[in-house]
Amino acid sequence: MYDLPVFDPRNSACKFPFGAAECGETVSLTLRPALSEGFVRCLLVLYHDFSGQREELELSRQSNRRGRTVFTLSFSAPQEPDLIWYHFLFYRSDNTCALLDRSGWHQAEEQPMSWQLTVYDSSHPTPEWFGAGITYQIFPDRFCRLSVPDPQGMVGDRVVHQDWGEAPEWRPDEHGEGRNRDFFGGSLAGIISRLDYLQSLSVTTLYLCPIFLSASNHRYNTADYLQIDPMLGTEEDFCRLCQEANKRGMRVILDGVFNHTGSDSVYFNAAGSFPTLGAAQSQDSPYYTWYHFTHWPDRYDAWWGITTLPAVNESDPSYGDFIIDSPDSVIRHWLHCGASGWRLDVADELPDEFIARIRTACEETKADSILIGEVWEDGSNKIAYSRRRKYLLGHETHGLMNYPFRNAVLAFLRGGDAADFRETMETIRENYPPAAFYSLMNFLGTHDTGRILTVLGAETVPEDKEARSTYRLSDAERQRGTALLRLATLLLYTFPGSPTIFYGDEAGMEGFEDPFNRRTFPWGREDRTLTEWYRLLGRLRQERPSLLWGDIEYLQAQGHCLVWARQGTGELTVTAVNAGDQPISLVLPWEGPVAEDLLTGQRFLNQEGKVSLVLPPLDGVLLG
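For the sequence shown, our numbering assigns the number 11 to the initial residue and increments by one for each residue that follows.
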């Protein structure tokens with residue numbers, strides 16, 4: 011006990027409860043500075059981020075214990091959600107003062123590096139099905155087609171590849187613009203035809219990139235939020251997909267792109283493709299107030315300045331009513347059709363109030379629906395557009411895309427220190443409400459990143475885009491990349507939250523950035539060994555309750571060795587990974603008579619409460 015630091019918020023002897031606190035919950039603090047420092051008073055300094063209020067609370071000084079002065083305090087978290095920054099001021103009898111923050115001891119007048127306390131509202135429970143399941147992300151145009159579609163009469167100047175195996179077009183047009191008008195014809199019916207395959211991977215959630223009418227193959231430039239793109243199928247096809255998925259224990263979540271529309275859309279209609287009166291055609295358009303024109307009709311706010319993606323004004327009442335509030339709003343309509351939730355594209359650019367209204371509409375329409383936000387950083391404290399955000403305080407998203415996890419895995423497997431991985435992930439665990447932490451969308455790659463096999467295997471990245479377009483891993487690169495991918499997926503499937511597969515990663519697909527990461531699924535040419543590895547991990551995750559909801563404790567995180575335990579419902583599962591090129595000897599505490607590697611069946615005898623094993627280079631075990 012007396013080896014404890016002065017204060018460590020991750021140690022229950024110093025702070026309870028761990029991490030975020032519920033509104034009104036009692037938070038207890040204990041600090042143990044050295045008696046020799048002569049401190050007679052200690053103040054907790056709190057800064058409430060959203061109100062700007064500063065507060066000082068005095069700790070009670072207890073009796074001196076073994077060379078330490080013990081200060082304690084219990085206080086109630088605010089009744090409303092908040093983000094609180096805190097540090098401590100220590101005073102001596104001569105009134106000299108020292109400041110303690112997360113970076114250590116300082117002079118009292120220095121700017122503190124404060125600890126964070128997230129205060130959240132738990133009155134609206136988070137559905138457990140998402141975090142307990144396995145998610146599969148599908149780029150609909152490139153997953154599976156049953157026939158070659160005819161693009162005649164469809165919005166946009168579309169070209170359809172006749173050969174499913176061709177490379178996507180990446181070269182800009184004569185104006186230097188990438189139009190993304192080449193399609194392959196994947197469809198909702200194609201997805202339905204592969205549901206048994208997805209079930210064999212233990213998938214429980216299908217996350218579909220946009221499926222609504224759009225001029226581009228990625229469909230992030232929505233033309234009509236209430237119409238399925240005809241190349242994908244019909245509303246009836248979508249309803250059937252949800253029904254067939256449900257029969258197999260799967261749910262479907264949709265990609266909501268609500269920060270901008272397409273310029274070629276029912277609402278903006280810059281090209282005159284639709285019979286409606288769009289905002290670019292008339293200031294009398296019912297959609298005119300959705301957009302902000304600096305000079306009508308040719309100058310307007312657009313997402314990242316891309317003129318084909320005019321930004322919308324989310325505070326416009328008619329837009330909010332259309333997307334969220336009306337009885338048959340976009341949000342409600344597709345939930346009624348069978349969807350089980352939404353992923354919000356560029357959540358950074360959606361106002362907190364807008365997101366909160368979406369969550370309310372989701373809960374009113376389908377009580378167990380899920381809302382996931384796209385945020386690339388720690389979403390608990392992010393500032394976007396000079397404003398502190400509220401993604402996880404209980405009224406907004408249920409969970410977020412976990413880009414910090416991906417970044418930490420890549421850094422570790424590329425020669426980084428396991429201690430850095432632990433620090434990054436423990437910061438997330440400390441800052442996020444528990445339900446949000448267990449509802450993270452964990453992934454190794456998405457439609458916005460290079461293929462994980464290429465990222466891990468490629469020794470160099472060609473500077474020339476032409477070279478990147480045709481790049482394929484050498485045999486040696488692919489062998490090493492596959493070994494690292496097995497480690498990455500072992501971490502992915504055993505970490506809290508929903509492991510998410512980007513379509514085709516399990517088949518060994520390669521490629522650098524968009525569109526090279528968006529090639530068609532290689533049906534009949536899959537890396538079957540890799541696919542079976544994903545199947546094994548999926549089955550183990552679903553079979554072991556400790557991997558679904560168990561606490562996480564790091565047993566070792568140093569150098570190339572990363573070991574954690576997941577424990578819950580009387581079950582223990584230990585993940586151990588060696589990311590280095592030399593063997594590592596491990597001695598781990600164990601209670602049962604043997605520890606079995608669930609991946610291979612190898613058994614290790616318990617000797618005096620411990621099991622000993624050697625991890626070969628680029629290898630891992632899953633002990634249970």
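Where a beta carbon is used, it is the ideal one built from N, C-alpha and C, also for glycine.
Identified DSSP bridge partners for residue i
i: ILE94; result: HIS58 and LEU127
i: ARG102; result: PHE49
i: GLY409; result: ILE382
i: LEU582; result: GLN577
i: CYS249; result: Partner(s): none; CYS249 has no beta bridge.
i: GLY34; result: Beta-bridge pairing links GLY34 to no other residue.
i: TYR564; result: TRP574
i: ALA421; result: DSSP, once it has assigned bridges, lists no residue as partnering ALA421.
i: ARG71; result: PHE81
i: THR145; result: THR215 and THR510
Residue i, enclosing beta strand (DSSP E) - first and last residue
i: ASP607; result: Segment: none, ASP607 is in no beta strand (DSSP E) and carries neither H nor E.
i: LEU623; result: 620-625
i: ARG613; result: 613-615
i: GLU68; result: 64-68
i: ILE263; result: 261-266
i: THR232; result: 232-238
i: SER224; result: 222-224
i: THR82; result: 81-86
i: VAL631; result: 629-633
Residue i, DSSP secondary structure in three states
i: HIS302; result: coil
i: ARG439; result: helix
i: PRO509; result: strand
i: PHE140; result: helix
i: ASN588; result: strand
i: MET11; result: Since pLDDT at MET11 reaches only 45, below the 50 mark, its modelled position is unreliable, and the value read off the structure follows with that caveat. Here MET11 sits in coil by DSSP.
i: LYS25; result: strand
i: THR215; result: strand
i: TYR401; result: coil
i: PRO444; result: helix
i: LEU571; result: A small correction: the amino acid at residue 571 is Cys; Leu does not occupy that position in the sequence shown. In the structure shown, CYS571 sits in a strand (DSSP, three-state: E or B).
i: PRO150; result: helix
i: ARG416; result: helix
i: TRP600; result: coil
i: ARG461; result: coil
i: ASN452; result: strand
i: GLY521; result: coil
i: GLN209; result: helix
i: ILE368; result: helix
i: GLY272; result: coil
i: THR375; result: helix
i: TRP559; result: helix
i: ARG76; result: coil
i: ASP192; result: strand
i: SER595; result: strand
i: ALA281; result: coil
i: HIS171; result: coil
i: ASP18; result: coil
i: ARG432; result: helix
i: LEU41; result: strand
Contact belief for residue i with residue j at Cβ below 8 Å, rounded distance in angstroms
i: ARG576; j: ILE594; result: Going by Cβ atoms, the distance from ARG576 to ILE594 rounds to 20 Å, so no, they are not a contact pair.
i: LEU423; j: ALA567; result: So it is not a contact: roughly 14 Å between Cβ atoms.
i: THR579; j: LEU557; result: Actually they are not in contact, since the Cβ atoms of THR579 and LEU557 sit about 11 Å apart, beyond 8 Å.
i: GLU606; j: LEU633; result: 7 Å
i: ASN452; j: PHE415; result: 5 Å
i: LEU502; j: PRO509; result: 5 Å
i: THR136; j: HIS408; result: 5 Å
i: GLY347; j: PHE505; result: A quick correction: the sequence has Cys, not Gly, at residue 347. Going by Cβ atoms, the distance from CYS347 to PHE505 rounds to 33 Å, so no, they are not a contact pair.
i: GLY404; j: PRO27; result: So it is not a contact: roughly 16 Å between Cβ atoms.
i: ALA87; j: CYS33; result: 6 Å
CB contact below 8 Å: residue i versus chain C
i: ARG432; result: Among the chains in the structure shown there is no chain C, since it carries only a single protein chain.
Endpoints, alpha helix (DSSP H) assigned at residue i
i: ASP111; result: Segment 107-111 is the beta strand (DSSP E) holding ASP111; no alpha helix (DSSP H) there.
i: GLN552; result: 538-553
i: SER203; result: 198-203
i: GLN117; result: Per DSSP, GLN117 belongs to no alpha helix (DSSP H); it is in the beta strand (DSSP E), 114-117.
i: ASP485; result: 485-504
i: THR470; result: Run containing THR470: none; DSSP gives neither H nor E here.
i: GLU476; result: 475-480
Could you pull out every unbroken beta strand (DSSP E) segment of at least 3 residues lying fully inside the region 286-350, listed in chain order?
-> 303-305
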